[in-house]
Each structure stands twice: as C-alpha cells, then as structure tokens.
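If you count the sequence shown from 1, you need to add 5 to reach this note's numbering.
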Amino acid sequence: MAFEVAWTASALRDRKAILKNWIDRNGSSAYSKKLYERWEVAIKLVSRNPYLGRPTRHEGVRVVLIGHYNIFYQPGQDVIHIVRIIDGRRDLSGLRF
C-alpha cells in the first residue's frame, strides 16, 4: 500500500524555483518536464517504501538522490511529507527545514 504524499510549502517553492531556473536557462520546458517526471517516479517509489532513502542528521528526515537533486522527506503514519528538494552540488551543511 502506498502512503499519501504531502508537500511542504518549502518543498513546493524549491520545486518551482528549480524547474523555472531550467526553463529560463534552456529557453524550453523539455528538461524541466523530464526532471519533474524523474522526481515523481522517485517519490512514488518512496511512497511505497518509506524507509528506502538514507537517514539524515535531521531527526526523522530521510533523503533520496535523483541526479544532482536531494529529495528530503519525512515518513509519517500514513503520509510521506516532502520537506525540501535541494541541488546536491550546494553546500548542505546549513540546510534548514
């Protein structure tokens, strides 16, 4: 059984900013669509296997890496909360949720 997926406001902002950046950079939405689809496949997999991602230093938060992007999520009772999507090429030491 798959868990419900809920997005935090921060994760929605991250997603929108990343996809918009690629559209602006490439002058096309093709790469953004491909990236979005890869994220959706990963999130669907996580919703079926909530402990698939590796634990992080933040209590209860796990992460899966899709390309250069870290999808941080928190498994709950019947829901997976997508907390942030961050480019892994950034310094993540000061990351806040």
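Where a beta carbon is used, it is the ideal one built from N, C-alpha and C, also for glycine.
- By the beta-carbon neighbour count (other beta carbons within 10 angstroms, threshold 16), Ala47 is buried.
- Of all alpha-carbon atoms in Arg95, Gly93, His73, Val51, the one lying nearest the alpha-carbon of Ile87 is that of Val51.
- Gly93 is the residue among Ala22, Arg53, Gly93 whose C-alpha sits nearest the C-alpha of Tyr74.
- Looking from the CA of Trp44, the closest CA among Ile23, Thr61, Asp83, Ala7 belongs to Ile23.
- In the structure shown, Arg59 adopts extended strand secondary structure according to DSSP, grouped into three states.
- For Tyr56, the CB contacts under 8 Å within the same chain, skipping 5 residues up- and downstream, are Arg67, Pro80 in chain order.
- The secondary-structure analysis by DSSP pairs Trp12 across a beta bridge with Ile87.
- Ala11 sits exposed, since fewer than 16 C-beta atoms from the chains shown fall within 10 Å of its C-beta.
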